[in-house]
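There are 2 protein chains.
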Amino acid sequence: MKLLEDRILREGVVVDDQILKVDGFLNHQMDVTLFVEMGKEWARLFGPENVTKIITIESSGIGIACVAAEQFNCPVIFAKKAASKSIAGEVYTADVHSSANGDLHHLMVSKQFLRPEDKVLLIDDFLANGAALGGMVELVRQSGATLVGAGIAVEKAFLSGGQRIRDKGVRVESLAKIKSLAGGKIEFC
Amino acid sequence: MKLLEDRILREGVVVDDQILKVDGFLNHQMDVTLFVEMGKEWARLFGPENVTKIITIESSGIGIACVAAEQFNCPVIFAKKAASKSIAGEVYTADVHSSANGDLHHLMVSKQFLRPEDKVLLIDDFLANGAALGGMVELVRQSGATLVGAGIAVEKAFLSGGQRIRDKGVRVESLAKIKSLAGGKIEFC
């Protein structure tokens, strides 16, 4: 998606070969006008699938997912991260090792809100090693709902996450796919 | 706001005299259509103030804030919670004791994104003891920006938070103000 790629080129900060900072418009300060256009693009790609639920993970996927959901006219569920397994009520759970800080998160979605008849689109800001997205795929599998696919803002295509998730048969649509950050230069696929 | 009050009466679950669960439409599963209407109401109330930034706190305020921001045509910043003070870059910080679980959170907003010339609206899902909102007020004060006010979805008016924040001279507009949850009955102000 050219709009997102141009914005990354203009305002993204390459920290090192692995890390791209986009906290001016994507995941600390959030440009909601950009999110609307991203939502329209995912609606173009996934619109015919009749999505009934969008799932994301706290925290930085939530804004993008909610604005995108306006295009799909469906609710968003955000999977909660918890350090402990002591939680109330019936939930689907998946353990996720964060690539950002190495922490183990215990993802949870209430069974009440995710049903076998649902058609689910996953949305997140980044796809790197695929740990978070893999956890969301696992939650959907547990529920028996249909997984329509995943809408990702920025995929680090030089890491294995995207391929690993696609190899599971999941349709992944990333709006900006980064081939390399080597030498401080952002190169798209 | 009648739409929100009606929804709370229909789907809210009174856990005890202090706790109201609204996770079917506000803070786990999120009804984005409802958020649009909430955004319109805050735009009606705060529109003349020329808001340039909306600030919220991760996680459950983010979706509401982003959808509301479409009405204000401005970006959203979400204050990050961190357990440690070891953070990179220049940030405004405020310590907040969570009333939900007693944890101490260290709120952070990058100085880069909050400027003295900004006119800031705070948005959050709940106002109870006012700890989170008080922390956001403190962040804005540090930046020298103008605080336009706070838009809250659900205020527990039987607790002291709202009064305490208003006593600081902050305009607080809560769309549903709960007078009491006694005896399992939801009563609005």
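Chains as they are written, first to last, in this note's numbering: chain W, 1 to 189; chain G, 1001 to 1189.
By construction, the Cβ of each residue, glycine as well, lies at the ideal position given by its N, Cα and C atoms.
Short Cβ contact (8 Å threshold) for residue i with residue j
{"i": "C1066(G)", "j": "C189(W)", "result": "no"}
{"i": "L121(W)", "j": "V91(W)", "result": "no"}
{"i": "A79(W)", "j": "I64(W)", "result": "no"}
{"i": "E155(W)", "j": "S174(W)", "result": "yes"}
{"i": "E107(W)", "j": "H97(W)", "result": "In the sequence as displayed, the identity of residue 107(W) is Leu instead of Glu. Contact: no."}
{"i": "M1038(G)", "j": "A1157(G)", "result": "no"}
{"i": "A132(W)", "j": "M1(W)", "result": "no"}
{"i": "V137(W)", "j": "K168(W)", "result": "yes"}
{"i": "S59(W)", "j": "I1123(G)", "result": "no"}
{"i": "F1025(G)", "j": "Q29(W)", "result": "no"}
{"i": "L139(W)", "j": "V170(W)", "result": "no"}
Below-8 Å beta-carbon distance, residue i vs any chain W residue
{"i": "P1075(G)", "result": "yes"}
{"i": "S1160(G)", "result": "no"}
{"i": "V1067(G)", "result": "yes"}
Buried versus exposed, by CB contacts within 10 Å (16 or more), residue i
{"i": "D1023(G)", "result": "buried"}
{"i": "D198(W)", "result": "The displayed coordinates of chain W run from 1 to 189. Any statement about residue 198(W) would go beyond what the structure contains."}
{"i": "D1031(G)", "result": "buried"}
{"i": "D6(W)", "result": "exposed"}
{"i": "G1027(G)", "result": "First, the residue type needs correcting, since residue 1027(G) is Asn and not Gly in the sequence shown. Buried is the call here."}
{"i": "S1086(G)", "result": "For S1086(G), the predicted model reports a pLDDT of 48, less than 50, meaning its position is unreliable and no value from the coordinates is stated."}
{"i": "I77(W)", "result": "buried"}
{"i": "P1048(G)", "result": "exposed"}
{"i": "P75(W)", "result": "buried"}
{"i": "V13(W)", "result": "exposed"}
{"i": "I1008(G)", "result": "buried"}
{"i": "G1130(G)", "result": "buried"}
Within chain A, the residues that residue i reaches when beta carbons sit closer than 9 Å
{"i": "D1031(G)", "result": "Reference to chain A is not applicable here, since the protein chains of this structure are W and G."}
Residue-chain proximity (residue i, chain G), Cβ-Cβ < 8 Å
{"i": "K80(W)", "result": "yes"}
{"i": "L181(W)", "result": "no"}
{"i": "S174(W)", "result": "no"}
{"i": "S86(W)", "result": "Because S86(W) sits at a pLDDT of 48, beneath the cut-off of 50, its placement in the model cannot be relied upon, and the following sentence gives the value as read from the coordinates. No, because no Cβ of chain G sits closer than 8 Å to the Cβ of S86(W)."}
{"i": "C189(W)", "result": "no"}
{"i": "G63(W)", "result": "yes"}
{"i": "E70(W)", "result": "yes"}
{"i": "V120(W)", "result": "no"}
Distance between beta carbons of residue j and residue i, contact taken as under 8 Å
{"i": "I165(W)", "j": "I178(W)", "result": "The pair is not a contact, with the Cβ atoms about 16 Å apart (cut-off 8 Å)."}
{"i": "L45(W)", "j": "L3(W)", "result": "Between L3(W) and L45(W) the Cβ distance is about 15 Å, and since that is not below 8 Å, they are no contact."}
{"i": "K1081(G)", "j": "I1057(G)", "result": "7 Å"}
{"i": "T52(W)", "j": "D118(W)", "result": "5 Å"}
{"i": "Q1071(G)", "j": "A1094(G)", "result": "Going by Cβ atoms, the distance from Q1071(G) to A1094(G) rounds to 27 Å, so no, they are not a contact pair."}
{"i": "A1150(G)", "j": "V1172(G)", "result": "5 Å"}
{"i": "G1161(G)", "j": "L1127(G)", "result": "5 Å"}
Could you name the residues of the region 1125-1150 of chain G whose beta carbon sits closer than 8 Å to any beta carbon of chain W, in the order they occur along the chain? none
Which residues, in order along the region 1038-1058 of chain G, keep a beta-carbon less than 7 Å from a beta-carbon of chain W? E1058
At a CB distance below 8 Å, what residues from the region 1091-1102 of chain G approach chain W? Give them in sequence order. Under the 8 Å Cβ criterion, the region 1091-1102 of chain G contributes no residue.
Members of the region 1006-1035 of chain G that neighbour chain W once the beta carbon cut-off is set at 8 Å: D1023, G1024, F1025, H1028, Q1029, M1030, D1031, V1032, T1033, F1035
Residues in the region 102-117 of chain W having any Cβ partner in chain G nearer than 7 Å: Against chain G - using a Cβ distance shorter than 7 Å - the residues of the region 102-117 of chain W are S110, F113.
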